[in-house]
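Numbering (the numbering used here), first residue to last: 7 to 74.
By construction, the Cβ of each residue, glycine as well, lies at the ideal position given by its N, Cα and C atoms.
Here is the structure we will look at, set down as structure tokens.
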């Protein structure tokens with residue numbers, strides 16, 4: 007399982023998904039996108055058609071934004 011998130015101090019939705027997985031003891035790989043950089047929008051678009059984080063990927067299935 008892979009969780010793509012933004013900076014935890016800028017993206018409370020990213021923090022919520024990260025905390026849920028940590029507290030539940032679910033193993034995952036974390037990929038963090040620095041939201042304060044000029045290329046952050048294009049980097050998010052590479053993971054999600056909505057261009058938002060968080061994004062959760064598992065076995066070829068991608069769940070993005072608040073659905074993650």
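Taking DSSP as the reference, what is the three-state secondary structure of residue i?
i: residue 28; result: helix
i: residue 21; result: helix
i: residue 40; result: coil
i: residue 35; result: strand
Taking the alpha-carbon positions, what's the residue i to residue j distance?
i: residue 45; j: residue 69; result: 22 Å
What are the partner residues of residue i, as DSSP defines its beta bridges?
i: residue 8; result: 35, 63
Within 10 angstroms of its Cβ, does residue i collect 16 or more other Cβ (buried), or is it exposed?
i: residue 64; result: exposed
i: residue 25; result: exposed
i: residue 9; result: buried
i: residue 7; result: exposed
Whose CA, out of the options, lies closest to the CA of residue i?
i: residue 14; options: 31, 53, 36; result: 36
i: residue 34; options: 58, 11, 71; result: 11
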